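Notes to accompany the following structure.
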Amino acid sequence: MTPKKIALFAVPLALAACSEDASIASSAGAVPVPVAEDADPTGEMTVAITGTEGTAIGEATVRPGPHGMVIRLMAEGLPEGWHGVHLHQVGDCSDFDGGFKKSGSHINISGTEHGVLNPEGYHTGADFPNLWADADGLHGELFAGGLLLDQARDDDGFAMIIHANEDDHVTQPIGGAGPRLACAAFR
């Protein structure tokens, strides 16, 4: 057989192998997950970011992936400078006048101390580098590695909190990031 004939013969075999693998995977228990009619089939969610006055100051979008989730955020009206951003255990931003305390503490699936520079570890998927706000607002994209959307969005959801100060990435329990200035509730 010439090389061209071998290559042409190999293509149908490769396609057949792919379709066999797909049928094996589906017969091994891979069941499609039902999706609500109004839900985004990719699992992407966009929610408002609420400021301390109780009004929307921006939006945050979460996109789930196989190894974590990407969170893109845009917010206006924050003081210029670095701001710590963390994921919190409860998707509740209703107490804007009380400092968003209903969002609970940081998500901590790893059971470790706070801070991406902490030698004792960091909160997997919930501790991030700081983001900068200027006259145009705060814009950023964060990767919550090791934290799947289904883990974070349990019965009471989760929240993304923007703090007043930068996170020093070591100090307990929140890196000295200060008061909670903004909150996005993912339910």
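Counting with mature numbering (1 follows the signal peptide of the UniProt record, and there is no 0), you get residues -22 to -1, 1 to 165 for the letters of the sequence shown. Note that the Cβ used here is the ideal one computed from N, Cα and C, for glycine as well. These figures come from a predicted structure and were not determined experimentally.
What are the boundary residues of the alpha helix (DSSP H) that residue i is part of?
i, result
"Asp146", "Premise fails: Asp146 is in no alpha helix (DSSP H) and is neither H nor E."
"Asp128", "127 to 130"
Are the CB atoms of residue i and residue j nearer to each other than 7 Å?
i, j, result
"Ala53", "His84", "no"
"Ala137", "Ala163", "yes"
"Ser81", "His66", "yes"
"Gly69", "Gly135", "yes"
"Ala74", "Thr30", "At residue 74 the sequence reads Phe, which differs from the Ala that was named. For Phe74 and Thr30, yes; Cβs fall inside 7 Å."
Could you pull the start and end residues of the beta strand (DSSP E) that residue i belongs to?
i, result
"Leu116", "115 to 123"
"Phe164", "158 to 164"
"Leu109", "109 to 112"
Where residue i and residue j are concerned, what is the direct C-alpha to C-alpha distance, given to the nearest angstrom?
i, j, result
"Gly156", "His61", "9 Å"
"Ser88", "Gly99", "9 Å"
"His147", "Pro107", "8 Å"
"Val25", "Glu37", "6 Å"
"Leu125", "Lys79", "22 Å"
"Gly153", "Met47", "22 Å"
"Thr102", "His45", "12 Å"
"Pro151", "Asn86", "11 Å"
"Leu51", "Asp128", "20 Å"
Give the single residue among the options whose Cα lies nearest to the Cα of residue i.
i, options, result
"Thr39", "Thr33, Glu119, Ala113", "Glu119"
"Arg158", "Gly21, Ile49, Thr28, Thr24", "Thr28"
"Asp145", "Leu109, Gly135, Asp128", "Leu109"
"Ile49", "Thr102, Asp133, Glu22, Ile35", "Glu22"
"Asn143", "Gly135, Val94, Ala160", "Ala160"
"Thr149", "Thr33, Pro97, Ala34, Gly76", "Pro97"
"Gly77", "Ile140, Pro151, Gly59", "Ile140"
"Gly123", "His117, Pro42, Val63", "Pro42"
Would you say residue i lies against chain D (beta-carbon separation less than 7 Å)?
i, result
"Asp145", "Chain labels in this structure do not include chain D; a single protein chain is all it has."
Taking its Cβ as the centre, do 16 or more other Cβ atoms sit within 10 Å of residue i, making it buried, or is it exposed?
i, result
"Ala130", "buried"
"Leu56", "buried"
"Ser72", "exposed"
Any heavy atom of the ligand ZN closer than 6 Å to the CB of residue i?
i, result
"Asp112", "Absent from the structure shown: the ligand ZN. Ligands present: none."
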